[in-house]
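What follows is a set of notes on a single structure, which appears directly below.
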Amino acid sequence: MRLKSLELKLDWSETLVIQDLRSYVVEELRKFGVPIRWAITSISASSEPGCTRQLNIEAVVIIT
19 MRLKSLELKL
29 DWSETLVIQD
39 LRSYVVEELR
49 KFGVPIRWAI
59 TSISASSEPG
69 CTRQLNIEAV
79 VIIT
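Each residue of the sequence shown is one higher than the one before, starting from 19 at the first, in our numbering.
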């Protein structure tokens, strides 16, 4: 096992309600490993159609 530090951008679609945001972020982080710690470090406007916001995420995951 090893730890990996990540910085990624996620599109926050207009259809995703804030109550589901945590599970969405964790689900996306699981694509890289098992999330230990993560934080939304900023939110900005997105240029993608259908997405009004973009999340900047910093995380640490376990890679097995």
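The beta-carbon is built from N, C-alpha and C at its ideal position, and this holds for glycine as well.
Practice task
Give the straight-line distance between the Cα atoms of Ala77 and Lys22, rounded to the nearest whole angstrom.
Solution key: 8 Å
Exercise for the section: Tell whether a beta-carbon distance below 8 Å holds between Ile80 and Gly51. Expected result: yes
Problem - Nearest neighbour of Leu47, chosen from Ser62, Leu28, Ser60 [CA to CA] - result: Leu28
Practice task
Kindly list the residues whose CB is nearer than 8 Å to the CB of Arg55, restricted to its own chain and excluding five residues on each side of it in sequence; keep chain order.
Solution key: Ala77, Val78
Practice task
Specify the secondary structure class of Arg40 as computed by DSSP and reduced to three states.
Solution key: DSSP places Arg40 within a helical segment (H, G or I) once states are collapsed to three.
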